[in-house]
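In the numbering used here, the protein residues as written are 271 to 755.
Don't be surprised by glycine CBs; every beta carbon is placed ideally from N, CA and C.
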RNA sequence: GGCCCCUUGGUCAAGCGGUUAAGACACCGGCCUUUCACGCCGGUAACAGGGGUUCGAGUCCCCUAGGGGUCACCA
């Protein structure tokens, strides 16, 4: 395939959600795989709803994911401008053409009239279609009314019979009956283009070869095809991927928790994990395989692996996957991600603390699922123990011989030089043997005493990080606490 | 409601006329073990329903049901 040109065309009215991110990923993979170009186009033709910070957020999200593009508002390119708001002249030009060729016409119907028509249709339980009152207004009259300042939209003179066949790379041939169409609007009363018009002009002018987007656009495609034909243009190839649905099978929205890539980022997910997970949602290599690097995805990606049925995203699997990537991630990188929070919590106040922080990070990184979980799971390394796990207390502090055992733990610490985790373990096992106890009988109380919890990473590593005096101090406090029980 | 798309376990997802219907997440056992996580071993769990076609259907066709999308001067 040559001259592959694809685009990702977000509307800057919200965040980059995972559905959009996946569409961007598919386009990116397609462009990179076939040596094509990816263009980023900002579809901000609705000036009332578009927001500059949304556009920035979307771009930031794409960058965070590591998706890059060849042409776009920031990147430049020969087919710009890449914001619809800056392409008004271009739309006007083709609008004029359509008007001249009598393929479009001015419509003066007011919002009230239209609303009444819709209401009437609803009452009679028939489907609403624009009635076409203005379709037959003569060009002269229309122009006269425009000159006199009357507000108007421009409508497409849609065919009233025949069919449009969308030849979709993912779904095959999909047929639409033109009788169901009405004369849809091309230009709003403010002169701005509507989506279906702008997208056709842009995709053509930007020489887009493949339109890869989500299924929500499939129903719009026949209108767009009609427009391509009216303008005498060739068609791009279309490929409509299925949508990503929320766990309750409904369309993604804010009420479903984290759905935007920024939220995933802030919640401690790694971009490579999100990319990997998203790639597997709605696409399959047919191989029995879960982990894919970007390069491997590029190697294997193809449109025919894209699924036709909607996919429900599953946080559990994303988390599982993130945990794997996190375990392998470079510690410096994770430390940097945690830096601000750790600083705020006072975990980095001096260089001794900083070393300790790094050690904790190393210990926890392979066993948590998200980045911030390191701080949450490791809080006891930095903060004083304020409470002990309840069940653990009964089991390890509240037994008959608990105090005696705890005293042994204390003396063990006092007698050790804390040289290494291995040595510490050796000493503890020796002590247990001398006392005719199982090592676990010493291990569990110490764990509870120094962490307040019954589950931690390996005890001796934890002890080494806390250090001798801190262990002694914590065990002493725990003894006091146990006595009070 | 009309039109369009979709339908394999709770979720993702192989399968493309003949399989004991993969695998992964989750879940449940077991092993490992100082707990947790990891890892390893094992298990529960699916072809939406009904008609065809065929020697034979998860795979092809039709109908029904369910889900999703779309029908804006939103994109």
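Sequence-distant residues of its chain with Cβ nearer than 6 angstroms to residue i (five each side left out)
| i | result |
| --- | --- |
| residue 714 | 666 |
| residue 662 | 718 and 724 |
| residue 319 | 283 |
| residue 727 | 633 |
| residue 716 | 679 |
Closer than 7 angstroms: residue i CB and nearest the ligand MG heavy atom
| i | result |
| --- | --- |
| residue 454 | For the structure depicted, the ligand MG is absent and the ligand set is empty, with no information on it obtainable. |
Opposing strand residues paired with residue i [DSSP bridges]
| i | result |
| --- | --- |
| residue 438 | 442 and 508 |
| residue 310 | 278 |
| residue 346 | 342 |
| residue 287 | 530 |
| residue 353 | 312 |
| residue 463 | 457 |
| residue 447 | 433 |
| residue 582 | 515 |
| residue 374 | 426 |
| residue 576 | 553 |
Same chain, Cβ closer than 8 angstroms to residue i, five either side skipped, listed in chain order
| i | result |
| --- | --- |
| residue 753 | 673 |
| residue 594 | 543 and 561 |
| residue 685 | 697 |
| residue 578 | 440, 441 and 512 |
| residue 464 | 315, 454, 455, 456, 457 and 458 |
| residue 365 | 374, 424, 456, 457, 463 and 467 |
| residue 677 | 749 |
| residue 702 | 708, 709, 711 and 712 |
| residue 429 | 448, 451 and 496 |
| residue 604 | 596, 631, 635, 641 and 644 |
| residue 744 | 655, 719, 720 and 736 |
Residue i in three-state terms, based on DSSP
| i | result |
| --- | --- |
| residue 424 | strand |
| residue 599 | coil |
| residue 608 | helix |
| residue 379 | coil |
| residue 514 | strand |
| residue 483 | strand |
| residue 359 | helix |
| residue 625 | helix |
| residue 470 | helix |
| residue 503 | coil |
| residue 298 | helix |
| residue 521 | strand |
| residue 590 | helix |
| residue 655 | coil |
| residue 477 | coil |
| residue 407 | coil |
Length of the line joining the Cα atoms of residue i and residue j
| i | j | result |
| --- | --- | --- |
| residue 431 | residue 496 | 12 angstroms |
| residue 634 | residue 576 | 37 angstroms |
| residue 331 | residue 531 | 6 angstroms |
| residue 690 | residue 700 | 15 angstroms |
| residue 417 | residue 461 | 14 angstroms |
| residue 372 | residue 491 | 22 angstroms |
| residue 286 | residue 533 | 10 angstroms |
| residue 278 | residue 570 | 21 angstroms |
| residue 328 | residue 479 | 24 angstroms |
| residue 652 | residue 617 | 6 angstroms |
| residue 437 | residue 410 | 39 angstroms |
| residue 705 | residue 683 | 16 angstroms |
| residue 498 | residue 482 | 17 angstroms |
| residue 521 | residue 515 | 5 angstroms |
| residue 382 | residue 413 | 22 angstroms |
| residue 345 | residue 306 | 16 angstroms |
| residue 664 | residue 688 | 29 angstroms |
| residue 629 | residue 484 | 45 angstroms |
| residue 518 | residue 487 | 22 angstroms |
| residue 694 | residue 619 | 28 angstroms |
| residue 601 | residue 671 | 42 angstroms |
| residue 302 | residue 545 | 15 angstroms |
| residue 384 | residue 304 | 47 angstroms |
| residue 402 | residue 396 | 16 angstroms |
| residue 325 | residue 310 | 11 angstroms |
| residue 300 | residue 349 | 20 angstroms |
7 angstroms CB neighbourhood of residue i in its chain, flanking five on each side removed
| i | result |
| --- | --- |
| residue 592 | 539, 540, 543, 639 and 640 |
| residue 722 | 650, 655, 657, 658 and 659 |
| residue 353 | 312, 314 and 343 |
| residue 503 | 474 |
| residue 525 | none |
At least three beta-carbon pairs within less than 8 angstroms, the region 546-563 to the region 288-295: Output reads yes: the region 288-295 touches the region 546-563.
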